[in-house]
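**Student:** This structure is in structure tokens; I'll ask about it shortly.
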Ligand code: FAD
Ligand code: SF4
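Residue numbers (this note's numbering): 99 to 574.
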């Protein structure tokens, strides 16, 4: 392979010393010249493995070819054919374990920077004020309710609206976007990008009804009996798991959900925001995924002193994206590997003052394939802490599942579906995203929503019409 093809163009980024003082984005994006040169590295494989690695099957070689020719708008529209949220995915998708992992250039050098190029093209489109949606079909006369405005709900809404159906999204919070708004911080995903995607959906007729927790404000049954012919459930997995150790109720011990919602959705980092947030001099964060890293890096940015991530395995097993771990290291986040908390310590005012941890070693692989952490007897030690953030995973909120009769769920609360269609056990009700898989990724939620949207369209056009014909024949 020629030397110039082996290495990718680095994306410039803001220096760590500067970026830890604000919430502005860390990477700065490619210039047009960077994008053309990087796209030109693609050798246009006849049997492109990269496409196989993409959960929504974007025609990556054609996208790269258009970029290479400087046809940026067309390249972005190529992305939009398969991916409704490319500016989001270009920033947060784990490309290194998807399309880029499969790219043949990765065998002898670095794979094409497909994610960085996706971000470039999507930003190019947005900055020109183009929505990039193809023509929507003529109105079908059917209406679909979408529950939850996260990546799954937004994708299903876009697909169904393009097919000509009337779409209304019911969202429990006051802003749409799901984790994209309340979980992932501004410095990884500027909120304006999410809102631009929402405005695009509104421009093709999608209606958003906010502050509507389905299961409380209205039930799935009522939606189906009322104005809707089908329902898609995309309510995610937003219920935090806790450690279940003594002292967890002390003031200053928070779930990552609460912490990140305050900082991101309620913009507690902004001095103008009325929402307060605890600032620790010594913050500890428990967990090894993106949620733990986002919490730690946010804690640093709101003015926290020393921030330490405590993880029970080693850096290699951390589920967070490598680029994010690297950014956190550059920013001065401390890592305490092979360690797990056993109890929180409190002061006489009922506030957390420290945490007792125990050292771990790695044993045999567990069901996840990763080596199981095993406590080392007698190795307990204490660490001072005035803020503790628990980021050890989430599970589905049971509000919709517990109020929908006949809806089959897994023992852990996830909705059971037919994977080929997203259909649940209730006719006309479909589901996708984290509410089905448990906490996963943005692109997986979007891929599942696309499958469900196609199945809903088929259901509406075939079964509903047949039912209508039967009713007519019966004179009802
Ligand atoms: P969600 O995004 O959770 O959206 C569900 C929506 O439904 C929410 O808006 C919620 O308010 C709403 N809702 C819930 N119950 C109801 C109800 N009863 N009525 C009405 N509305 C309701 N993935 C990546 O690919 N890359 C990353 O870098 C990444 N980082 C992450 C960082 C954090 C902090 C978190 C928490 C997750 C991260 N993820 C990441 C995972 C990813 O965000 C999720 O897999 C994805 O958002 C799932 O989409 P969803 O639409 O299924 O659910
Ligand atoms: Fe291009 Fe890599 Fe895909 Fe081949 S695998 S078409 S080189 S991006």
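The beta carbon of each residue, even a glycine, is placed where N, CA and C say it ideally should be.
Less than 8 angstroms between the beta carbons of residue 486 and residue 442, yes or no?
**Tutor:** yes
**Student:** Can you determine whether any heavy atom of the ligand SF4 sits closer than 7 angstroms to the C-beta of residue 200, and answer yes or no?
**Tutor:** Yes, Cβ of residue 200 sits closer than 7 angstroms to a heavy atom of the ligand SF4.
**Student:** Measuring alpha carbon to alpha carbon, tell me which residue in 178, 177, 470 and 213 is nearest residue 190.
**Tutor:** 213
**Student:** Do you know how far the Cα of residue 524 is from the Cα of residue 297?
**Tutor:** 31 angstroms
**Student:** Return yes when the Cβ of residue 192 is within less than 8 angstroms of the Cβ of residue 419, no when it is not.
**Tutor:** yes
**Student:** Within 7 angstroms: the Cβ of residue 142 and any heavy atom of the ligand SF4?
**Tutor:** yes
**Student:** Looking only at its own chain, which residues have a Cβ that is under 7 angstroms from the Cβ of residue 542, when we skip the five neighbours before and after it?
**Tutor:** 153 and 535
**Student:** Near residue 165, which residues of its chain fall below 7 angstroms by C-beta distance, leaving aside the five closest residues on each side in sequence?
**Tutor:** Only residues of its own chain outside the window of five on either side were considered, and among them 133, 134, 137, 173, 215 and 219 have a CB closer than 7 angstroms to the CB of residue 165, listed in chain order.
**Student:** Determine, using beta carbons only, whether residue 456 and residue 483 come nearer to each other than 8 angstroms.
**Tutor:** no
**Student:** Which whole runs of the beta strand (DSSP E) in the stretch 374-435 are 3 residues long or more, in chain order?
**Tutor:** Runs of the beta strand (DSSP E) inside the stretch 374-435: 380-384, 404-408 and 432-434.
**Student:** To test your reading of the DSSP string, which unbroken alpha helix (DSSP H) runs of 4 or more residues are found completely within the stretch 175-258?
**Tutor:** Every alpha helix (DSSP H) of 4 residues or more that sits fully in the stretch 175-258 is shown, in chain order, as 184-190, 197-200 and 212-225.
**Student:** Does the Cβ of residue 45 have 16 or more other Cβ atoms within 10 Å, making it buried, or fewer, making it exposed?
**Tutor:** One cannot answer for residue 45 here, as it falls past the ends of the chain, which runs 99 to 574.
**Student:** Using the Cβ count rule (16 or more neighbours within 10 Å means buried), how would you classify residue 350?
**Tutor:** buried
**Student:** Any heavy atom of the ligand SAM closer than 7 angstroms to the beta-carbon of residue 291?
**Tutor:** Within the structure as shown, the ligand SAM is missing, the only ligands being the ligand FAD and the ligand SF4.
**Student:** In its own chain, which residues sit with a C-beta less than 7 angstroms from the C-beta of residue 158, not counting the 5 before and 5 after it?
**Tutor:** 146, 148, 149, 152, 197 and 212
**Student:** Taking 8 angstroms as the limit between beta carbons, can you name the residues of its chain near residue 259, skipping five residues before and five after?
**Tutor:** 234, 265, 299, 302, 303 and 304
**Student:** Can you grab the Cα-Cα spacing for the pair residue 170 / residue 186, in whole Å?
**Tutor:** Straight-line spacing of the CA atoms in residue 170 and residue 186 works out to 17 angstroms.
**Student:** Determine contact between the stretch 246-257 and the stretch 276-290, defined as no fewer than three beta-carbon pairs at a distance below 8 angstroms.
**Tutor:** yes
**Student:** State the CB to CB distance for the pair residue 491 and residue 348, rounded to an integer number of angstroms; the pair is presumed to be in contact (CB under 8 angstroms).
**Tutor:** Actually they are not in contact, since the Cβ atoms of residue 491 and residue 348 sit about 21 angstroms apart, beyond 8 angstroms.
**Student:** Have a look at the DSSP bridge pairing and note the partners of residue 85.
**Tutor:** A query on residue 85 cannot be resolved here, the shown segment of the chain reaching from 99 to 574 and no further.
**Student:** Identify, in the order they occur along the chain, each residue of the same chain with its Cβ nearer than 7 angstroms to the Cβ of residue 380, setting aside the five sequence neighbours on each side.
**Tutor:** So the list reads 403, 404, 482, 483 and 484, once near-sequence residues are dropped.
**Student:** Looking at the structure shown, is residue 448 part of a helix, part of a strand, or coil, going by DSSP?
**Tutor:** Reduced to three states, the DSSP call for residue 448 is coil.
**Student:** The ligand FAD and residue 495: does the residue's C-beta get closer than 7 angstroms to at least one heavy atom of that ligand?
**Tutor:** yes
**Student:** Would you kindly work out how many angstroms separate the C-alpha atoms of residue 342 and residue 440, rounded to a whole number?
**Tutor:** 9 angstroms
**Student:** Is the number of C-beta pairs between the stretch 537-554 and the stretch 499-519 that are closer than 8 angstroms three or more?
**Tutor:** yes
**Student:** Specify the secondary structure class of residue 473 as computed by DSSP and reduced to three states.
**Tutor:** strand
**Student:** Which partner residues of residue 439 appear in the DSSP bridge assignment?
**Tutor:** 455
**Student:** Do residue 541 and the ligand FAD come close, with the Cβ less than 7 angstroms from some heavy atom?
**Tutor:** yes
**Student:** What alpha helix (DSSP H) runs, 4 residues minimum, are completely inside the stretch 271-348?
**Tutor:** 277-280, 289-301 and 318-323
**Student:** Tell me whether residue 325 is buried or exposed, calling it buried when 16 or more other Cβ atoms sit within 10 Å of its Cβ.
**Tutor:** exposed
**Student:** For my contact list, residue 494 and residue 533 are in at a C-beta cut-off of 8 angstroms; report their separation, rounded to the angstrom.
**Tutor:** Cβ atoms of residue 494 and residue 533 come within 8 angstroms of each other, at about 5 angstroms.
**Student:** Closest to residue 522 by CA distance: which of 401, 372 and 504 is it?
**Tutor:** Checked all of 401, 372 and 504; the closest Cα to residue 522 is 504.
**Student:** Using the Cβ count rule (16 or more neighbours within 10 Å means buried), how would you classify residue 263?
**Tutor:** buried
**Student:** What residues match up with residue 495 in a beta bridge as DSSP calls it?
**Tutor:** Residue 495 is not bridged to any residue.
**Student:** I need the straight-line Cα distance from residue 400 to residue 285, nearest angstrom please.
**Tutor:** Cα to Cα, residue 400 sits roughly 12 angstroms from residue 285.
**Student:** When the Cα atoms are used, what is the spatial distance from residue 116 to residue 110?
**Tutor:** Going by the C-alpha atoms only, they are around 14 angstroms apart.
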